[in-house]
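Residue numbers (our numbering): 19 to 197. This report refers to the structure that appears directly beneath it.
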């Protein structure tokens with residue numbers, strides 16, 4: 019049987035953007051209010067399962083909704099018990115606060131598999147979960163700009179061309195000054 023940490027690791031493994039993480043945490047916190055004996059069928063397990071299944075359909079986060087639906091279909095209802103779900107909610111919120119975000123500005127739209135690969139690379143480098151805030155800026159021409167906190171690394175083709183242009187203009191001025 020999976021532990022609460024296993025469930026959280028599975029969910030966080032599916033999240034690769036700050037927006038998805040915030041949405042997941044919000045939906046779990048909202049759902050936590052619904053998962054108690056009074057609102058979800060009391061001690062009658064079948065009634066409880068039906069009410070939870072109906073509430074799972076209302077979850078806005080696709081990642082959380084799909085994951086909870088799989089649990090209900092597999093009859094793995096222990097996570098939805100109020101005490102377990104409270105622990106799950108607390109642990110997810112804690113893990114979310116320990117997760118860092120990196121802004122990545124790219125020239126083209128990235129495939130989901132590429133986003134995962136980049137997020138996994140940064141997670142391994144930083145030794146904790148990293149999610150990406152990705153934006154597309156066609157003016158970059160190619161490459162990417164990576165920003166974390168106050169650090170910016172510009173690997174864009176636009177920046178490289180601007181640097182070459184500035185160096186070329188400077189060398190022309192220097193050569194004219196030498197004449």
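We put the beta carbon where it would ideally sit given N, CA and C, even for glycine.
At the level of alpha carbons, what is the spacing between residue 141 and residue 35? In this structure, the CA atom of residue 141 is about 13 Å from the CA atom of residue 35.
Check each candidate in 39, 193, 196 and 191 and name the one with the smallest Cα separation from residue 110. Among 39, 193, 196 and 191, the Cα nearest to that of residue 110 belongs to 39.
C-alpha distance - residue 93 paired with residue 108, whole-angstrom precision: Answer to the nearest angstrom: the Cα atoms are 23 Å apart.
Counting only runs that start and end within the segment 93-150, where is the alpha helix (DSSP H) found for 4 or more residues in a row? Whole alpha helix (DSSP H) segments, 4+ residues: 100-116 and 130-144.
Just to confirm my understanding: we take residue 157, look at its own chain, exclude 5 residues before and 5 after, and list those with CB closer than 7 Å. What are they? Closer than 7 Å at the Cβ level, and outside the excluded window around residue 157, lie 176.
Roughly how many angstroms separate the alpha carbons of residue 102 and residue 148, rounded to a whole number? 26 Å
Span of the beta strand (DSSP E), counted from its first residue to its last, around residue 172: 169-172
N- and C-terminal bounds of the alpha helix (DSSP H) containing residue 29: 22-32
For residue 152, the three-state DSSP class (helix, strand or coil): strand
Take residue 33 and list the residues in its own chain whose beta-carbon comes closer than 7 Å to its own, dropping the five residues that flank it on each side. 39, 42, 81 and 149
I need the straight-line Cα distance from residue 52 to residue 180, nearest angstrom please. 55 Å
What does DSSP give as the partner residue(s) for residue 166 in the beta ladder? Looking at the DSSP assignment, residue 166 forms a beta bridge with 169.
Nearest by alpha-carbon distance to residue 96: which of 19, 120 and 195 is it? 19
Is residue 157 helix, strand or coil by DSSP? helix
Could you please give me the residues that DSSP links to residue 35 through a beta bridge? 150
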